[in-house]
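Quick notes on the structure that follows.
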Amino acid sequence: RGGAERRRRGRRREGWAPRRTGDTEARLQTHGRALGDRPGDPRMLQSMAIAFSKTGRLEDAVRCYRRALDLDPELSGAHYGLAFLLIKRGDLTGAEEHLTAFLNHAPSSAEAERWVTHARLALEQLRSGTNAAPLAEPE
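For my numbering, add 5 to where a residue sits in the sequence shown, where the first one is 1.
Right under this line is the structure:
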């Protein structure tokens, strides 16, 4: 039993390594294996959604974000990512809902401030009906 738990933890840690190296396909593979062991890990689902987005698999990304939010409704990063995918789909009402949820649970670190500022601007544009460049997700 102890060995199986160590293997699961190892696969979970392994899932984060491709994120640091930028290998998106490897990230999807290792996260998929890790999710087999821990299907209820919302952060892993969020990370998979990011990887799916980067590979153009937007429907898979939306599904992962929604599943992560089912598990953890306050997972701010999932609200943020899903909001911008919904903008791409033209679902501005859904995007507004998720940007609002992101801002209600936004991280407070200095690093997160660029995302918070971007979300505020995008939400303002959605509410005012202007469709300018900041509606795109920053790199």
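Glycine included, each C-beta is placed from N, C-alpha and C at the ideal position.
Asked	Found
Rounded separation between R132 and D96 - CA only	13 angstroms
Nearest-angstrom Cα separation, counted from G134 out to R119	22 angstroms
Counted within 10 angstroms of its Cβ, other Cβ atoms place P44 as buried (16 or more) or exposed	exposed
C-beta atoms of A124 and Y85 nearer than 8 angstroms	yes
Where D75 sits in the DSSP three-state scheme	helix
Span of the alpha helix (DSSP H), counted from its first residue to its last, around A115	Element bounds for A115: n/a, residue is neither H nor E.
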